[in-house]
Amino acid sequence: MTRVLVGLAVLFASLALHAKDHGKVQALYDFDHKVHYRQTQLADNKYKLSIREGSYQEFAKQSVFMLRHSAALCKSDKFNLKFVSGIQAFEKFPTEPRANPGPLVAELTCS
3 MTRVLVGLAV LFASLALHAK DHGKVQALYD FDHKVHYRQT QLADNKYKLS
53 IREGSYQEFA KQSVFMLRHS AALCKSDKFN LKFVSGIQAF EKFPTEPRAN
103 PGPLVAELTC S
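Here the sequence shown is numbered in our numbering, starting from 3 and rising by one per residue.
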């Protein structure tokens, strides 16, 4: 009986520690891509990724980072990366200065 109670206590403690990770925002830096980003685990297989605002020229580097980091988080699983904000239309010869689109924000779901 005591072993069962101890086992249940350990199980609930591990679940409580795991649940605390959900919703916790981590501010991180990737040295390979030189990108400051925030990562929030929303559920066991769902994340919110946000890259700090950058210039128009940095968008290609940031989007490649998002794809590579998503693949690393999901490991061998397939994933769906849905961009919420920060996407800017491409203009080969812009006639006006580009507006800052804000941070690049995406929701990642591993399946």
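The beta-carbon is built from N, C-alpha and C at its ideal position, and this holds for glycine as well.
Bear in mind the structure is a predicted one, so any value in this text is a computation, not a measurement.
According to the DSSP secondary-structure assignment, Glu109 is paired through a beta bridge with Lys50, Lys84.
Judged by beta-carbon spacing, His24 lies within the 8 Å limit of Leu44, meaning their Cβ atoms are closer than that value.
Distance from the Cα of Val107 is smallest, within the candidate group Phe67, Gln59, Asn82, Lys50, for Lys50.
Just so you know, the alpha carbons of Asn102 and Lys80 end up roughly 32 Å apart. When rounded, the separation of the alpha-carbon atoms in Thr111 and Phe92 is 27 Å.
Around the beta carbon of Val37, 16 or more other beta carbons sit within 10 angstroms, so the residue counts as buried. Where His38 is concerned, the enclosing beta strand (DSSP E) starts and stops at 37-45. Taking the CA atoms as reference points, Thr97 sits about 27 Å from Ile53. DSSP places Ala73 within a helical segment (H, G or I) once states are collapsed to three.
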